[in-house]
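Novice: If you read the sequences in order, they're chains H, U, V and A. Take 12 as the starting number for the first sequence in our numbering and just add one per residue. Take 12 as the starting number for the second sequence in our numbering and just add one per residue. Take 12 as the starting number for the third sequence in our numbering and just add one per residue. Take 12 as the starting number for the fourth sequence in our numbering and just add one per residue. Quick one: the structure is below, questions incoming.
4 protein chains.
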Amino acid sequence: MTITRAERIREASRQRRQQRRENMQNMIHEEATRQLSERGYEGFSLREVAEGIGYAPTTIYRYFRDKDDLIFSLFETAFQSFSAALDSARQKHTHPTEQLEAIGRAYVQFALDHPVQYRLLFMERGDLLSRLYERLKLAGNAYVGPMIVEEVVISGQNQGLFPPEVNPQYVASFLWAQVHGIASLGISCPDMFPTTVIEASLCSLPKTF
Amino acid sequence: MTITRAERIREASRQRRQQRRENMQNMIHEEATRQLSERGYEGFSLREVAEGIGYAPTTIYRYFRDKDDLIFSLFETAFQSFSAALDSARQKHTHPTEQLEAIGRAYVQFALDHPVQYRLLFMERGDLLSRLYERLKLAGNAYVGPMIVEEVVISGQNQGLFPPEVNPQYVASFLWAQVHGIASLGISCPDMFPTTVIEASLCSLPKTF
Amino acid sequence: MTITRAERIREASRQRRQQRRENMQNMIHEEATRQLSERGYEGFSLREVAEGIGYAPTTIYRYFRDKDDLIFSLFETAFQSFSAALDSARQKHTHPTEQLEAIGRAYVQFALDHPVQYRLLFMERGDLLSRLYERLKLAGNAYVGPMIVEEVVISGQNQGLFPPEVNPQYVASFLWAQVHGIASLGISCPDMFPTTVIEASLCSLPKTF
Amino acid sequence: MTITRAERIREASRQRRQQRRENMQNMIHEEATRQLSERGYEGFSLREVAEGIGYAPTTIYRYFRDKDDLIFSLFETAFQSFSAALDSARQKHTHPTEQLEAIGRAYVQFALDHPVQYRLLFMERGDLLSRLYERLKLAGNAYVGPMIVEEVVISGQNQGLFPPEVNPQYVASFLWAQVHGIASLGISCPDMFPTTVIEASLCSLPKTF
DNA sequence: TATGAATGAGTATTCATTCAT
DNA sequence: AATGAATGAATACTCATTCAT
Numbered sequence: 012m013t014i015t016r017a018e019r020i021r022e023a024s025r026q027r028r029q030q031r032r033e034n035m036q037n038m039i040h041e042e043a044t045r046q047l048s049e050r051g052y053e054g055f056s057l058r059e060v061a062e063g064i065g066y067a068p069t070t071i072y073r074y075f076r077d078k079d080d081l082i083f084s085l086f087e088t089a090f091q092s093f094s095a096a097l098d099s100a101r102q103k104h105t106h107p108t109e110q111l112e113a114i115g116r117a118y119v120q121f122a123l124d125h126p127v128q129y130r131l132l133f134m135e136r137g138d139l140l141s142r143l144y145e146r147l148k149l150a151g152n153a154y155v156g157p158m159i160v161e162e163v164v165i166s167g168q169n170q171g172l173f174p175p176e177v178n179p180q181y182v183a184s185f186l187w188a189q190v191h192g193i194a195s196l197g198i199s200c201p202d203m204f205p206t207t208v209i210e211a212s213l214c215s216l217p218k219t220f
Numbered sequence: 012m013t014i015t016r017a018e019r020i021r022e023a024s025r026q027r028r029q030q031r032r033e034n035m036q037n038m039i040h041e042e043a044t045r046q047l048s049e050r051g052y053e054g055f056s057l058r059e060v061a062e063g064i065g066y067a068p069t070t071i072y073r074y075f076r077d078k079d080d081l082i083f084s085l086f087e088t089a090f091q092s093f094s095a096a097l098d099s100a101r102q103k104h105t106h107p108t109e110q111l112e113a114i115g116r117a118y119v120q121f122a123l124d125h126p127v128q129y130r131l132l133f134m135e136r137g138d139l140l141s142r143l144y145e146r147l148k149l150a151g152n153a154y155v156g157p158m159i160v161e162e163v164v165i166s167g168q169n170q171g172l173f174p175p176e177v178n179p180q181y182v183a184s185f186l187w188a189q190v191h192g193i194a195s196l197g198i199s200c201p202d203m204f205p206t207t208v209i210e211a212s213l214c215s216l217p218k219t220f
Numbered sequence: 012m013t014i015t016r017a018e019r020i021r022e023a024s025r026q027r028r029q030q031r032r033e034n035m036q037n038m039i040h041e042e043a044t045r046q047l048s049e050r051g052y053e054g055f056s057l058r059e060v061a062e063g064i065g066y067a068p069t070t071i072y073r074y075f076r077d078k079d080d081l082i083f084s085l086f087e088t089a090f091q092s093f094s095a096a097l098d099s100a101r102q103k104h105t106h107p108t109e110q111l112e113a114i115g116r117a118y119v120q121f122a123l124d125h126p127v128q129y130r131l132l133f134m135e136r137g138d139l140l141s142r143l144y145e146r147l148k149l150a151g152n153a154y155v156g157p158m159i160v161e162e163v164v165i166s167g168q169n170q171g172l173f174p175p176e177v178n179p180q181y182v183a184s185f186l187w188a189q190v191h192g193i194a195s196l197g198i199s200c201p202d203m204f205p206t207t208v209i210e211a212s213l214c215s216l217p218k219t220f
Numbered sequence: 012m013t014i015t016r017a018e019r020i021r022e023a024s025r026q027r028r029q030q031r032r033e034n035m036q037n038m039i040h041e042e043a044t045r046q047l048s049e050r051g052y053e054g055f056s057l058r059e060v061a062e063g064i065g066y067a068p069t070t071i072y073r074y075f076r077d078k079d080d081l082i083f084s085l086f087e088t089a090f091q092s093f094s095a096a097l098d099s100a101r102q103k104h105t106h107p108t109e110q111l112e113a114i115g116r117a118y119v120q121f122a123l124d125h126p127v128q129y130r131l132l133f134m135e136r137g138d139l140l141s142r143l144y145e146r147l148k149l150a151g152n153a154y155v156g157p158m159i160v161e162e163v164v165i166s167g168q169n170q171g172l173f174p175p176e177v178n179p180q181y182v183a184s185f186l187w188a189q190v191h192g193i194a195s196l197g198i199s200c201p202d203m204f205p206t207t208v209i210e211a212s213l214c215s216l217p218k219t220f
């Protein structure tokens, strides 16, 4: 059961390689994110990403199968940060109503803080969202991301705080639409829907229960 | 102060020319609208529009400064149809509450019926929206389009139906965000936000007052 | 019925334009032919053709829809020269047997003189050949090109020179295969099938009747 | 003169290594053959071959100097199968005339069964053919492959079956051209030279003696 | 008014190959 | 022995736009 020196070396080398690979992937990721925000989804190009990090265009293909693979990767990462943000907001409260409000605010905040990611998640690539959702459902994670709300609603119903007769999925979707409306207008029409309006809208939200 | 024959002729000629010009502009406009719907905002290209009406690409430039100019024109037209749809919905009712509901439903319906136009109006080119809004404001039409709501709210307040202390602009914006949320999710995430959910959300809307 | 000066000018301008266009097309044609022989069918690229004539790559697209269109054009031209060569050889004789021999020699000569064209015609793009043949058949030109032979065979049969029971199409095809064998080996395996062998083979041909 | 244990071990190791090496080469070879048939000469790529056998592209370079080296290797193998097919056909007969006919039919059959290989052998890479031929001549195998015919002709002359005054090399070349014509048209112009025509042409062949 | 000519910039992607490890 | 990293060179094609006519 002893490990030979050669094995240790090989393992270390493998780790270094993997580390390097991840670094590179992150680098591409960051540059891609930067460019996505600067040039928009349409103007986004692999060549520019490569140029941005000082590599040949073909190098990208070592780390991502093709353009869509890179984009999906950005998408996934964005989704994780997003989910984490919502989760974290929820954890700070115990009462379902408070949780809902916290989630709503965190939702909009995330969108305003990371407009590029939010666009990608919910405004430009609905196909990726469905794809990811299917995958999560298969993995049993039905309540991830925007679906957290559903869970909270159910929990609220169980505690007798919300009327039991309503369909929790519909309620969750409606709430989603409400915060999405605020967030997406804030992103795509900042002049017409400025921060003050966002804030006011957020304050109006709780009244909807 | 008499008008010479030459002047009359010149004037008639000018009118014919202008007529011709407008016809051509309309033709381009219609084809462009058709293509925008078929190929989407990203796939939209001047060459194809020109080909579609049987003219050389360069001809377009006689009638529109550049691509963006044509797109802005499409934008304006879309905005007019949109405003008309909302207005028409409003006219069918007299009671402010009913008007609001009708407007909301018409709003979402327009978005679902004309997703490309809706995208152009409120999801992709916020810059054009501001530009147009500024122009309308200068022309004294402050209550056009999504702003109709504001007028209705004020009128409701005057009739003592809505609480007078709230800022009508904020209320209008909040309502806008609500319907936009439903409409835009219906467009960009049809799998996750299908028709049934849209309908359910629309039914939940009035309760928010 | 008089022709106005303006009309004359317009017509002249049109002609000049067309002339220019044809010149350009010919220029591209020639360069393409040159490159096809230098770089082979696989290495053939529009960019290089453009570079070769000192134009931007995109310019080619003004004169040919795409790469395949240019190639088909080369193909057609090649086919015409080829047909003309065979026809001319035939015309020099009246006796069917002599015609056949003359055609055979002209066939091989053409292949050796224009290997690139011959490759294109009969060794690399059978699809284009069928396409063209279908078109010619529709136009009633069933005996164009390699099919001249069939006509000669029939005429020979009518004159009682060839046995009447054989299928002229099969005979023609067999003769085609014979000359094609000589020609194509001469082109693709010049070391193994040098000129002396070609000549000897050609001399053996007539014996096959 | 005794062989030390160390030497024996070294030798065994060397053999194992060589064995392994050959296995790997064969593996690459087989995959390459498969891909050549599936994707054709132009579409053939080292990357895909490597992927096909589950190795990194660079690994190929351990076993073949470069792409052309691998292709030459495929070429050689194709040539061997081809020669074997002809040889086998010849062995089934004793009379030179029958041998010639059998060889001719086997030749065309091989071409139709293995069009990609046949293309490689006689239609696309005449350079490889010469190279191989030179090598075989140096090795004293002057009558390999398409040259078998020459041997048969000579043997026929010796038996007084064929006129002794003709140059056997020329006769052989002529016969080669005949079958090559049929085979290559069958491959590159299948529409214009379909199976029925091929068959008819094959039947016409013997008459040429 | 309309258009032909031409271009420059740009796109994703594929490939053979080298080099260090 | 095998491979990961990286690259340079290509390719077909599309687009918005300018200019002279």
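Cβ coordinates follow ideal geometry from the N, Cα and C atoms, glycine included. Computed from a prediction, not measured in an experiment: that's the story for all the values here.
1. Under 7 angstroms, Cβ to Cβ, is there at least one residue of chain H near Tyr129 (chain U)?
2. What would DSSP say about Ala17 (chain A), mapped onto helix, strand or coil?
3. Put Pro126 (chain U) into one of helix, strand or coil per three-state DSSP.
4. Give the residues of chain H in contact with Leu196 (chain U), contact being defined as C-beta atoms less than 9 angstroms apart.
5. Taking the C-alpha atoms as reference points, what is the distance between Phe220 (chain V) and Gly167 (chain V)?
6. Going by C-alpha to C-alpha distance, which of A:Ser215, A:Leu97 and A:Gly197 sits closest to Glu161 (chain A)?
7. In the DSSP assignment, the alpha helix (DSSP H) including Ala95 (chain V) goes from what residue to what residue?
8. Along the chain, where does the alpha helix (DSSP H) containing Ala188 (chain A) start, and where does it finish?
9. Could you name the residues of the same chain whose beta carbon sits closer than 8 angstroms to that of Val119 (chain H), not counting the 5 residues immediately before and after it, in chain order?
10. To the nearest angstrom, report how far apart Ile71 (chain V) and Ala61 (chain V) are at their CA atoms.
11. Check whether the Cβ of Asp202 (chain U) lies closer than 7 angstroms to any Cβ atom in chain H.
12. If you run the structure through DSSP and keep just helix, strand and coil, what is Thr105 (chain H)?
13. In this structure, does DSSP put Glu176 (chain V) in helix, strand or coil?
14. Can you name, in chain order, every residue of its own chain whose Cβ lies under 7 angstroms from the Cβ of Ile64 (chain A), other than the five neighbours on each side?
15. Just verifying my parser: in three-state terms, what is the DSSP assignment at Asn152 (chain H)?
16. Does Tyr181 (chain V) have its Cβ less than 7 angstroms from a Cβ in chain A?
17. Under the rule that 16 or more other beta-carbon atoms within 10 Å means buried, what is Gly54 (chain H), buried or exposed?
18. So, helix, strand or coil for Ala67 (chain V), using DSSP?
19. Once DSSP output is grouped into helix, strand and coil, what is the label at Phe133 (chain H)?
20. DSSP state of Gly115 (chain U), grouped into three classes?
21. Compile a chain-ordered list of the residues in the region 153 to 177 of chain V whose CB is closer than 7 angstroms to at least one CB of chain A.
22. What is the DSSP secondary structure of Pro217 (chain A), reduced to helix, strand or coil?
23. Which value, in whole angstroms, describes the spacing of the CA atoms of Ser57 (chain U) and Gln29 (chain U)?
24. Note down, in chain order, each residue of its chain lying with its Cβ closer than 7 angstroms to the Cβ of Phe83 (chain U), except the 5 sequence neighbours on either side.
25. Residue range of the alpha helix (DSSP H) that Ser166 (chain H) falls in?
26. May I ask you to report which of helix, strand or coil DSSP gives Ser56 (chain A)?
27. Secondary structure at Phe75 (chain V), three-state DSSP: helix, strand or coil?
28. For Val208 (chain V), which residues in chain A fall below 7 angstroms Cβ to Cβ?
29. Does Glu53 (chain U) come within less than 7 angstroms of chain H when only Cβ atoms are used?
30. Determine the burial state of Phe185 (chain U): buried for a count of at least 16 other Cβ atoms within 10 Å of its Cβ, exposed for fewer.
31. As a quick exercise: from H:His106, H:Pro205 and H:Trp187, pick the residue whose alpha carbon is nearest that of Gly137 (chain U).
32. Consult DSSP for Met38 (chain V) and reduce its assignment to one of helix, strand or coil.
33. What does the alpha-carbon distance come out to for the pair Leu123 (chain U) and Asp79 (chain V)?
34. So the candidates are V:Thr108, V:Gly115, V:Gln128 and V:Ala183; which of them puts its Cα closest to the Cα of Gln91 (chain V)?
35. Less than 7 angstroms between C-beta atoms, sequence neighbours within five positions excluded: which residues of the same chain meet that for Gly51 (chain U)?
36. Please go through the same chain and pick out, in chain order, the residues whose beta-carbon is closer than 8 angstroms to the beta-carbon of Thr15 (chain U), but skip the five residues on each side of it.
Specialist: Checking against the coordinates, here is how it stands:
1. Taking Cβ atoms only, chain H never reaches closer than 7 angstroms to Tyr129 (chain U), which makes this a no.
2. It is helical.
3. Judged by DSSP in its simplified three-state form, Pro126 (chain U) adopts helix.
4. Within 9 angstroms Cβ-Cβ: Phe133, Gly137, Ser184, Trp187, Ala188, His191, Gly192 and Ser195.
5. Low local confidence applies: a pLDDT of 49 at Phe220 (chain V) is under 50, so the model's placement there is unreliable, and no value is given.
6. Closest option to Glu161 (chain A), Cα to Cα, is A:Leu97.
7. Taken as a continuous stretch (DSSP letters only), the alpha helix (DSSP H) holding Ala95 (chain V) covers Lys78 to Gln102.
8. Residue range Pro179 to Ser199 is occupied by the alpha helix (DSSP H) that includes Ala188 (chain A).
9. Apart from sequence neighbours up to five positions away, the residues of its chain that approach Val119 (chain H) with a beta-carbon distance below 8 angstroms are Val190, Ile193, Ala194, Gly197, Ile209 and Leu213, ordered along the chain.
10. Roughly 7 angstroms separates the two Cα atoms.
11. True, the Cβ-Cβ gap to chain H drops below 7 angstroms.
12. In this structure, Thr105 (chain H) counts as coil in the three-state DSSP scheme.
13. In the structure shown, Glu176 (chain V) falls within a coil segment according to DSSP collapsed to helix, strand and coil.
14. Once the five neighbours on either side are set aside, the close Cβ partners of Ile64 (chain A) are Met38, Ile39 and Glu42.
15. Shown here, Asn152 (chain H) sits in coil according to DSSP, grouped into three states, outside any helix or strand.
16. For Tyr181 (chain V), at least one C-beta of chain A is nearer than 7 angstroms to its own C-beta.
17. So Gly54 (chain H) ends up on the exposed side.
18. If DSSP states are grouped into helix, strand and coil, Ala67 (chain V) belongs with coil.
19. Phe133 (chain H) falls in the helix class under three-state DSSP.
20. Collapsing the DSSP output to three states places Gly115 (chain U) in a helix.
21. Listed in sequence order: no entries.
22. Three-state DSSP puts Pro217 (chain A) in a helix.
23. Note that residue 57 (chain U) is Leu in the sequence shown, not Ser. The straight-line gap from Cα to Cα measures roughly 23 angstroms.
24. If we look at Phe83 (chain U) and ignore the five residues flanking it on each side, its Cβ neighbours are Leu139.
25. The continuous alpha helix (DSSP H) containing Ser166 (chain H) extends over residues Ile159 to Asn169.
26. The answer is coil: DSSP assigns Ser56 (chain A) none of H, G, I, E or B.
27. For Phe75 (chain V), the secondary structure class from DSSP, reduced to helix, strand or coil, is coil.
28. Neighbourhood of Val208 (chain V) in chain A, by CB distance below 7 angstroms: Tyr181 and Ser184, in chain order.
29. So yes, Glu53 (chain U) belongs to the interface.
30. So Phe185 (chain U) counts as buried.
31. When each option's Cα is compared against that of Gly137 (chain U), the closest is H:Pro205.
32. Of the three classes helix, strand and coil, the one that applies to Met38 (chain V) here is helix, per DSSP.
33. Using only the alpha carbons, I get a separation of about 42 angstroms.
34. Nearest of V:Thr108, V:Gly115, V:Gln128 and V:Ala183 to Gln91 (chain V), Cα basis: V:Gln128.
35. Hits under 7 angstroms: Val127.
36. Excluding positions up to five away in sequence, the list is empty.
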